[in-house]
Amino acid sequence: MAEKSIVLTRLKDFKAEEIAKAIGITKTSAKRWKKGKIIHYRYHSRLDEFLKLDEGTTENYTKEILTEQGRIKVCKGCGKTYIARFQRTKACGSICRQKIKPVFEYKLKIKPQLHKEFIDDLPKDETRDLIRSETIKFLNKGSKIEKLKPEIEYFSFDEMTWEKL
Ligand SMILES: [Zn+2]
905 MAEKSIVLTR LKDFKAEEIA KAIGITKTSA KRWKKGKIIH YRYHSRLDEF
955 LKLDEGTTEN YTKEILTEQG RIKVCKGCGK TYIARFQRTK ACGSICRQKI
1005 KPVFEYKLKI KPQLHKEFID DLPKDETRDL IRSETIKFLN KGSKIEKLKP
1055 EIEYFSFDEM TWEKL
């Protein structure tokens, strides 16, 4: 906490133009620093020197801000510590992001309940099994039943669960 206030207090002692000129950054960046925004590591030692602070003060100050923002993280893919651009990030890069993508490990299991009147007209189990297997196959492919034709209901999904593969 001490470093945070030191860096910020010293930054406020100077005009944005002065900081910009001394460090070699834009006036906009200098203004952002004065507001307590992140300072890129490439400027840490130059800023320590300019503000007459001990070496490493700006670095610690920046780490404090990142920690407060919850952006110093351990990658869920490779286990390395990294600085996240956003708080919600879970992986250090695109390769690790792919690695931790959730695997779809459930398939749809349906027990269709056939209405009695309809079953009586069917050539027994053969058709029933065909309907069942075709429906499950269709849904497991990722297809969706968008609209059923307005006609007499043959069966309803009274039980629909996800079965672990
Ligand atoms: Zn990683």
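Numbering (my numbering), first residue to last: 905 to 1069.
Here a beta-carbon is modelled for each residue, glycine too, at the ideal position from N, C-alpha and C.
Tell me the rounded alpha-carbon separation between residue 947 and residue 910. Taking the sequence shown and counting its residues from 1, one reaches residue 947 at position 43. Taking the sequence shown and counting its residues from 1, one reaches residue 910 at position 6. Cα to Cα, residue 947 sits roughly 16 Å from residue 910.
Applying the 10 Å Cβ sphere with the 16-neighbour rule, what's the burial state of residue 917? Here the question's residue 917 lines up with position 13 in the sequence shown. So residue 917 ends up on the exposed side.
Identity of the residue in 936, 973 and 923 nearest residue 956 by Cα: For this step, residue 956 is matched to residue 52 along the sequence shown. Closest by alpha carbon: 923.
Under 5 Å, CB to nearest heavy atom of ligand 1: contacting residues: 979, 981, 982, 996 and 1000
Short of 7 Å in beta carbon distance, which residues of its chain neighbour residue 982, apart from the five on each side in sequence? Order them along the chain. Locating residue 982 in the sequence shown gives position 78, counting from the first residue. Only 996 and 1000 meet the Cβ criterion.
Extent of the continuous alpha helix (DSSP H) run through residue 930: Position 26 of the sequence shown holds residue 930. Where residue 930 is concerned, there is no enclosing alpha helix (DSSP H), given that its DSSP letter is neither H nor E.
Expressed to the nearest angstrom, what Euclidean distance is found between the alpha-carbon atoms of residue 1040 and residue 988? Within the sequence shown, residue 1040 is the residue found at index 136, counting from 1. Within the sequence shown, residue 988 is the residue found at index 84, counting from 1. If I take the Cα positions, the gap works out to 42 Å.
When burial is assigned at 16 or more other CB atoms within 10 Å of the CB, is residue 930 buried or exposed? Residue mapping note: residue 930 aligns to position 26 of the sequence shown, counting from 1. So residue 930 counts as exposed.
Nearest-angstrom Cα distance between residue 1036 and residue 1005? As a working mapping, residue 1036 is identified with position 132 in the sequence shown. As a working mapping, residue 1005 is identified with position 101 in the sequence shown. Those two C-alpha atoms are separated by around 31 Å.
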